[in-house]
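Chemist: Would you mind keeping the following structure in view while I ask a few things?
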Amino acid sequence: MATAPPTLPAVDTDAAIAFTQDLVRLRTVNAAGATEVERPAALLVQRLFDTFGWTYDVVEVAPGRPNTVAVVEGGGGAGPTLMFEGHIDVVTEGDAADWSVDPYGAEIRDGRLWGRGSADMKSGVAAMIYAVRALQLAGPFPGRVVVGVLCDEEGLMLGAKAFAASPLARTVDGVIVCEPEGYEVCTSARGGIRIRIDLHGVMAHGAMPQEARSPVVAGARVVDALPDVQAWAQERYGAHPHAGRVTVTPTVLLGGDPDQLNVIPAHGVVGVDVRTNPGTDHAELIDRVRESALRAAADVGVDVALTVVDDRPAVEIADGHPVVTALVEAHHHVHGEAPPFGAVPGTTDGTILTRDAGLPTVVYGPGGKWIAHQKDEYVEVREIGEYARVYAAAARAFLTGTGTGTGDGTGDGMGAGDGMGGAR
């Protein structure tokens, strides 16, 4: 394995930690109907970019939902374009009384920085920004770096979709998504299908069930049939070495009104969360869920309408892609050992960047892999500086190395359905 340069750009770790705290203190919850989510954090990012003298664009993807994207030219001649990507929206903290710390206090205690978004993924955003600043201050480098701070990752990924549709996206040769993955270099990410099954029956009095066609009974039978769909999918698509097997999980079962326990309702809903591995045929799997639901509800005389709410393919990048090898070499140089490879258990903005723009994406960032969206979320303070140093080293290796793309947006990017392991 080639080694990274012996001298790495010097990262301002203290500033990266402080900036993480500043971001965590802002409650940027991606809540339904919110008219302003990321804007306060985006303004903080923009002010920092101004102090660096960076050129950046702000695109209002939705009201109060801006993308902030900087382009840092290396000044060292022609070269590839590397992108670092992160989001600044977070999920709700839930009941703050369940936390042992202030969810937005950004307290540092026991070597950890606590708070909602500390791992997912405001520490990753801070680390990538200060890594690129360190690279810039270390002197000229070929090519350029795109720093994308995007909105709405926790929702419908509107920020990633908007960036993927932009002319700038077509110039990018590789992307490092800075989501928390616990030191793993994640070369694959599981796909996700969100399915809503509406059940339409006939209302009746609870004392006269013979007059009803109950969506509650049908819903229970639909849920009961899903394990057979999962078993079929796991046999059909097998196990991926990192992404594991397909899962088909009921997440919603609605029907009736608890204030009217003597009424059999006319309508019900079953929600299903499907997670796929690279190579899964999403269309085939959706058809299987539909057929199973139709059979389960037919015995009750209930009609079924299936809606695919969202469909995100599983994606995969080759271990030998230049953006992966640069990251692996940088991790080895900073930590003294090679990183493990893994898969993202869910989907990230990288999924959309690969699906919609064909960009090669790899995921690697500070924070535990399983801590996201939980109470008492935290990131180890030391990781912020560690990841920033790896990012800086990876950027330099990618931008100065050989085989890192053409620099004109026609590098090794592949779409989810043409070799990246996505649904076909």
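Every number in this note's numbering is 1107 more than the matching position in the sequence shown, counting from 1.
Each residue gets a CB set at the ideal place from its N, CA and C atoms; glycine is no exception.
Would V1232 pass as a contact of C1293 if the rule is Cβ separation under 8 Å?
Modeler: No, the pair does not count as a contact, with Cβ atoms beyond the cut-off.
Chemist: In whole angstroms, what is the alpha-carbon distance linking A1276 and L1306?
Modeler: Between the alpha carbons of A1276 and L1306 lies a distance of about 41 Å.
Chemist: Is the separation between the beta-carbon of D1259 and that of R1172 shorter than 8 Å?
Modeler: Yes. Within cutoff.
Chemist: Give the DSSP bridge partners of P1173, in chain order.
Modeler: DSSP lists E1167 as partners of P1173.
Chemist: What is the residue span of the beta strand (DSSP E) that E1143 lies within?
Modeler: Element bounds for E1143: n/a, residue is neither H nor E.
Chemist: Just to confirm my understanding: we take A1433, look at its own chain, exclude 5 residues before and 5 after, and list those with CB closer than 6 Å. What are they?
Modeler: A1501, A1504 and F1505
Chemist: Whole angstroms are fine: how far does the CA of A1311 sit from the CA of L1466?
Modeler: 54 Å
Chemist: Along the chain, where does the alpha helix (DSSP H) that runs through G1378 open and close?
Modeler: Taken as a continuous stretch (DSSP letters only), G1378 belongs to no alpha helix (DSSP H), being part of the beta strand (DSSP E) at H1374 to T1383.
Chemist: Taking the beta carbon of M1315 as the centre, do at least 16 other beta carbons fall within 10 Å, making it buried, or is it exposed?
Modeler: exposed
Chemist: Which of the three DSSP states, helix, strand or coil, is assigned to T1110?
Modeler: Residue placement at T1110 is poorly supported in this model, since its pLDDT is 48, which falls under 50; the coordinates still yield a value, given next. Three-state DSSP puts T1110 in coil, outside helix and strand.
Chemist: Reducing DSSP to helix, strand and coil, say where H1307 ends up.
Modeler: strand
Chemist: For G1492, which option in G1218, D1196, H1428 and V1470 has the closest C-alpha, if you only look at C-alpha atoms?
Modeler: Among G1218, D1196, H1428 and V1470, the Cα nearest to that of G1492 is on G1218.
Chemist: Taking only three categories from DSSP, how would you classify S1399?
Modeler: helix
Chemist: Starting from R1320, trace the beta strand (DSSP E) in both directions and tell me its first and last residue.
Modeler: Unbroken run through R1320: none, as it is neither H nor E.
Chemist: Please look up how many angstroms separate the CB atoms of T1188 and R1251, rounded, as I've assumed it's under 8 Å.
Modeler: 5 Å
Chemist: DSSP three-state label for R1132, please.
Modeler: coil
Chemist: Along the chain, where does the alpha helix (DSSP H) containing R1219 start, and where does it finish?
Modeler: Counting along the chain, R1219 falls outside any alpha helix (DSSP H), though it belongs to the beta strand (DSSP E) covering R1219 to W1221.
Chemist: Would you check if the distance between the CB atom of R1301 and the CB atom of D1426 is smaller than 8 Å?
Modeler: Contact: no.
Chemist: As a quick exercise: from A1139, V1497 and G1326, pick the residue whose alpha carbon is nearest that of V1430.
Modeler: V1497
Chemist: For V1486 and A1495, what's the separation of their Cα atoms in angstroms?
Modeler: 14 Å
Chemist: Between which two residues does the alpha helix (DSSP H) containing Y1494 stretch?
Modeler: In the DSSP assignment, Y1494 falls within the unbroken alpha helix (DSSP H) covering V1488 to T1507.
Chemist: Between which residues of its own chain and A1296 is the CB-CB distance below 7 Å, once the five residues before and five after are set aside?
Modeler: A1421, V1422, A1450, V1451, T1454, T1455, G1457, T1458 and V1470
Chemist: Using the three-state DSSP reduction, which class does Y1290 fall into: helix, strand or coil?
Modeler: DSSP places Y1290 in coil when its eight states are reduced to three.
Chemist: In the DSSP assignment, the beta strand (DSSP E) including H1194 goes from what residue to what residue?
Modeler: T1188 to H1194
Chemist: How many Å lie between T1127 and D1164 at the Cα?
Modeler: 22 Å
Chemist: From the DSSP output, read off the bridge partner residues of E1423.
Modeler: In DSSP, E1423 forms a bridge with S1295.
Chemist: What is the DSSP secondary structure of D1366, reduced to helix, strand or coil?
Modeler: coil
Chemist: Just how far apart, CA to CA, sit G1532 and I1371?
Modeler: Since the first residue of the chain shown is 1108 and the last is 1531, residue 1532 is not available in this structure.
Chemist: Return the residue from the list A1499, P1473 and K1482 that minimises the CA-CA distance to I1124.
Modeler: P1473
Chemist: Give me the Cα-Cα distance between T1158 and L1115, rounded to the nearest whole angstrom.
Modeler: Per the coordinates, the alpha-carbon of T1158 lies some 23 Å from the alpha-carbon of L1115.
Chemist: Once DSSP output is grouped into helix, strand and coil, what is the label at E1342?
Modeler: Per DSSP, reduced to three states, the secondary structure at E1342 is helical.
Chemist: Taking the beta strand (DSSP E) that G1255 belongs to, which residues open and close that run?
Modeler: Per DSSP, G1255 is one residue of the beta strand (DSSP E) stretching across R1251 to L1257.
Chemist: Would T1188 count as contacting chain C if we go by Cβ distances under 8 Å?
Modeler: Of the protein chains in this structure there is only one, and it is not chain C.
Chemist: Cutting at 6 Å between CB atoms, please list the residues of its own chain near T1509, excluding the five before and the five after it.
Modeler: For T1509, the predicted model reports a pLDDT of 43, less than 50, meaning its position is unreliable; a value from the coordinates is still stated below. Answer for T1509: no residue qualifies.
Chemist: Tell me which same chain residues have a C-beta within less than 7 Å of the C-beta of T1175, skipping the five on either side of it?
Modeler: A1149, V1152, Q1153, Y1163, V1165 and V1256
Chemist: Name, in chain order, the residues that DSSP records as bridge partners for Y1485.
Modeler: W1221
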